[in-house]
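First residue of the sequence shown: 554, per this note's numbering; consecutive thereafter.
Each residue gets a CB set at the ideal place from its N, CA and C atoms; glycine is no exception.
Presented below is the structure to which this report refers.
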Amino acid sequence: MKPKLTWLISMLAILMLAIAGWQWWQSMQLQRAIDTRLHELSAAQQQRVQTLRDGDWWRQHEADYQRLLATGFIGEDARVDWHQALSRASKLTGVHHAEFDIAAQVPHQPEVKIGQRLLRDSIVHWRGEVAHEDVLVTLLAQLSQAGHGLFSVRSCTLSHADEQALIGVDCEFSWQVLS
């Protein structure tokens, strides 16, 4: 009987080791699953915090963004609107022989990218004749308030021949938009 008992005890010991090994393996699997879930939870919490921050930022700046949209600074090329604004302002201010060319829109140099949008320039070459400098100042003020982007004067040359009553004006403007 003794050999059978030894054999039985050996089998029980092996069985207990197998059960202990299986339980250890199960607990390791469970620990890995817990670690994975904790990592996922941490990532989700970080994403939630970032989403809340983004929402706060958006609420804080939404009115500014809407104003930029309304003025036409954010949007597509508005060359037709610029053409109308130049024609209207030239007529209203009493500019004589007004002529202008609006160049195709090009990326601003150096390149400026804001989010997914790129700052673009449209250069305007404008010529005309004015009775006095105040007419030019009024014209420039009207153009800067016309919207459809950010208006700026790059250069203006005034010339006056002694025999002429009118002052010749040759200017270069820039309209900028984010598109």
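Bounds of the alpha helix (DSSP H) holding G608 are K555 to T624. Linking V688 to V648 through their CA atoms gives a straight-line distance of about 7 Å.
Taking the Cα of S643 as reference, the smallest distance to any Cα among R707, L692, Q579 and S580 is reached at L692.
Three or more beta-carbon pairs separated by less than 8 Å are not found between the region 653-665 and the region 707-720, which leaves the two stretches without contact.
For V648, the secondary structure class from DSSP, reduced to helix, strand or coil, is coil. Between the beta-carbon of A656 and that of I627 there is about 21 Å, and that puts the pair past the 8 Å contact cut.
Under the DSSP assignment, L703 falls in the beta strand (DSSP E) whose first and last residues are L703 to S712.
Taken in chain order, the complete beta strand (DSSP E) segments of 3 residues or longer contained in the region 664-707 are 670-683. The straight-line gap separating the alpha-carbon atoms of A638 and Q599 is approximately 49 Å. The residue among G681, Q669 and L703 with its C-alpha nearest the C-alpha of R632 is L703.
The region 584-597 makes no contact with the region 692-701: fewer than 3 CB pairs, one atom from each, lie closer than 8 Å. Beyond the five residues adjoining it in sequence on each side, I720 comes within less than 6 Å, by CB distance, of V683, L711 and H713 in the same chain, given in chain order.
The residue from L731, H701, D674 and D654 with its alpha-carbon nearest to that of C724 is D654. Beta-bridge partners assigned by DSSP to Q729: D674 and L703.
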